[in-house]
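In the working numbering, the protein residues as written are 1264 to 1443. Cβ atoms here follow ideal geometry from the backbone N, Cα and C, with glycine treated the same way. Remember, it's a predicted structure, so these values are computed and weren't measured experimentally. Working notes, structure below.
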């Protein structure tokens, strides 16, 4: 998906609203129950998005460099988040508050186009994820993770990967031993 070209004026408008933040490993961008008040572009680092179900953490997404993360439902509607976003590595992010995002949309139509493209990209990601969870075997899920996100295998613990794939740690260990 190609992003909309941005002129210098649109970029300069955005600069005044952006904030650079350093997040240590283990810190949270948002916790379940909090209202998410910012969207983040990940310059360096890795985050996981997870939900709690009966006290068990279920990873739903890994977000790495050059991607955007937020608890989108909470951010857009300003309601408590149903998920947590935690840094898995020391990270550097560029954030934009919900109030500043609205101002940015008012000042530059290019940012409205970027919003549309990002929304489309997120919808496609969610559709792919739902299809994977519904129709792929554990082995297929792991092979696709290796194929499409190999860096996740190197940077994320086996426990978090198993949770993301919707399988037990033991099943993932068996799959890994079959492949290696």
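Three-state class that DSSP yields for residue 1349 in the structure shown:
Walking along the chain shown from the start, residue 1349 turns up at place 86. In this structure, residue 1349 counts as strand in the three-state DSSP scheme.
Could you tell me whether the Cβ atoms of residue 1299 and residue 1333 are closer together than 9 Å?
What you label residue 1299 is simply residue 36 of the chain shown in a count that begins at 1. What you label residue 1333 is simply residue 70 of the chain shown in a count that begins at 1. Cβ atoms of residue 1299 and residue 1333: closer than 9 Å.
Rounded to the nearest angstrom, what separates residue 1428 and residue 1272 at their Cα positions?
Taking the chain shown and counting its residues from 1, the one referred to as residue 1428 is at position 165. Taking the chain shown and counting its residues from 1, the one referred to as residue 1272 is at position 9. Using only the alpha carbons, I get a separation of about 43 Å.
Segments assigned alpha helix (DSSP H), at least 4 residues, entirely inside the segment 1272-1345
1335-1340
Expressed to the nearest angstrom, what Euclidean distance is found between the alpha-carbon atoms of residue 1322 and residue 1368?
On the chain shown, residue 1322 is found 59 positions in, with the first residue counted as 1. On the chain shown, residue 1368 is found 105 positions in, with the first residue counted as 1. Their Cα atoms are separated by approximately 32 Å.
Could you pull out every residue in the same chain whose Cβ sits closer than 7 Å to the Cβ of residue 1291, ignoring the five residues on either side in sequence?
For the purposes of this step, residue 1291 is taken as the residue at position 28 of the chain shown. Here the set comprises 1347, 1348 and 1349.
Spatial neighbours of residue 1419 within its chain, please: C-beta separation below 7 Å, excluding the five flanking residues on both sides.
Position 156 of the chain shown, counted from the first residue, corresponds to residue 1419. Here the set comprises 1325 and 1351.
To the nearest whole angstrom, what separates the beta carbons of residue 1344 and residue 1293, a pair I think is in contact under 8 Å?
To locate residue 1344, count along the chain shown from 1; it is residue 81. To locate residue 1293, count along the chain shown from 1; it is residue 30. Rounded to whole angstroms, the Cβ separation of residue 1344 and residue 1293 is 5 Å, and the two are in contact under 8 Å.
Have a look at 1359, 1432, 1329 and 1330 and flag the residue whose alpha-carbon is nearest the alpha-carbon of residue 1339.
For the purposes of this step, residue 1339 is taken as residue 76 along the chain shown, with counting starting at 1. With distances taken between Cα atoms, residue 1339 lies closest to 1359.
Of the choices 1435, 1394 and 1425, whose alpha-carbon is the least far from that of residue 1320?
Counted from its first residue, the chain shown places residue 1320 at position 57. Nearest option by C-alpha distance: 1425.
Return helix, strand or coil for residue 1390, following the three-state DSSP convention.
The count along the chain shown starts at 1 and reaches residue 1390 at position 127. Residue 1390: helix per DSSP, three-state reduction.
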